[in-house]
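Enquirer:
So this is what it looks like as C-alpha cells:
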C-alpha cells in the first residue's frame, strides 16, 4: 500500500541520514542521559531539549534494543508514520508521549535533530533513559478465626496484593500488643499475574486468647485497612 511504501522510504531516509553523520563525525555526544521515570500502565513524556527560537529540519526518537537503534516516532518536514502504536509526537515536534507503559519500555532512548539552515549542518544527539517500575495494589485482607466455647482462640489473617515486581514481601503492622510470641507468619506466596508482574500474599496466625489484636499489612506505598483478629 502507499502507506507501507511511505513508511519504508521514511525508514531508509532516516538510516541514510544517521550513517552520513556518523561517517562525518557530526554527532554531539558524551553528556549524561536525561532520566525519566514511569509506572506500568501509566504514561510518560520524554523531551528533546532544542533551542526554541530555531526551526527544526527534523527530529526523531529511537530506542536501543539489543544494541541496535529502533525508530519510534519523529518529524521530518511533515509527520512520519507512527512506528510504535503507543507513541505520539506533540504538536511542536520536540516531545514524544508514550502510553500504557510496560516494563519492557525501560531502557536507553535517543533523540536526533537538526536545525533548518544551520551553517554547520550538525546532527545533534541527546541520550535519554526511561526507568519503568510497578507498584503493588493496595493490599486486601481476609480473616478466618477458630473459636473455643464461642470465643475466638486464634485467627489467620491473609493479605493479597497484585501486579507488582517480583521479590517483594508483605510487611505486617500489629497495633498495640506487638508480642512476637502471640503471632507468626505462616507463609508467603508469589504467583505470576500479567506480563512480567506478580501477585503476592501473606498469611499470619494471631493468638486471640489474650484479647483482640488489630493488624494491617503494607507493600510498596500502600497499606491495607486495619482489621481485628
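Numbering (UniProt numbering), first residue to last: 1 to 229.
Glycine included, C-beta positions come from ideal geometry on N, C-alpha and C.
This one's a predicted model, so the numbers in the text were calculated from it and none came from an experiment.
1. From residue 225 to residue 33, what does the alpha carbon distance come to, in whole angstroms?
2. In the DSSP assignment, what residue or residues form a beta bridge with residue 73?
3. Below 8 Å on the Cβ atoms is my guess for residue 72 versus residue 106; work out the distance and round it to an integer in Å.
4. Could you check the C-alpha separation between residue 42 and residue 134 for me, to the nearest Å?
5. By DSSP, does residue 137 sit in helix, in strand, or in coil?
6. If you count every other CB in all the chains shown that lies within 10 Å of the CB of residue 229, and 16 or more means buried, which is it?
7. Within this structure, are the beta carbons of residue 167 and residue 197 separated by less than 8 Å?
8. What separation, rounded to the nearest whole angstrom, lies between the Cα atoms of residue 99 and residue 61?
9. Going by other Cβ atoms of all chains shown within 10 Å of its Cβ, with 16 needed for buried, is residue 54 buried or exposed?
10. Going along the chain, which residues of its own chain have a beta-carbon closer than 6 Å to the beta-carbon of residue 155, five neighbours each way excluded?
11. So for residue 170, helix, strand or coil by DSSP?
Expert: The short version:
1. Within the chain shown, the letter at position 225 stands for residue 225. Within the chain shown, the letter at position 33 stands for residue 33. Rounded to whole angstroms, residue 225 to residue 33 spans 41 Å at the Cα level.
2. In the chain shown, residue 73 corresponds to position 73, counting from 1. Residue 73 is bridged to 61.
3. As a working mapping, residue 72 is identified with position 72 in the chain shown. As a working mapping, residue 106 is identified with position 106 in the chain shown. Rounded, the Cβ-Cβ distance is 14 Å, inconsistent with contact.
4. The residue labelled residue 42 in the question sits at position 42 within the chain shown. The residue labelled residue 134 in the question sits at position 134 within the chain shown. Near 10 Å, if we compare the C-alpha coordinates of residue 134 and residue 42.
5. For the purposes of this step, residue 137 is taken as residue 137 along the chain shown, with counting starting at 1. Reduced to three states, the DSSP call for residue 137 is coil.
6. As a working note, residue 229 is residue 229 in the chain shown. Counting Cβ neighbours within 10 Å, residue 229 comes out buried, since at least 16 surround it.
7. Here residue 167 is taken as the residue at index 167 of the chain shown, counted from 1. Here residue 197 is taken as the residue at index 197 of the chain shown, counted from 1. No, they are not a contact pair.
8. Here residue 99 is taken as the residue at index 99 of the chain shown, counted from 1. Here residue 61 is taken as the residue at index 61 of the chain shown, counted from 1. So the alpha carbons of these two residues sit roughly 15 Å apart.
9. In the chain shown, counting from the first residue as 1, residue 54 sits at position 54. Burial call: exposed.
10. Here residue 155 corresponds to residue number 155 of the chain shown, with the count starting at 1. Only 143, 145, 206, 208, 229 meet the Cβ criterion.
11. Here residue 170 refers to the residue found at position 170 of the chain shown. In this structure, residue 170 counts as coil in the three-state DSSP scheme.
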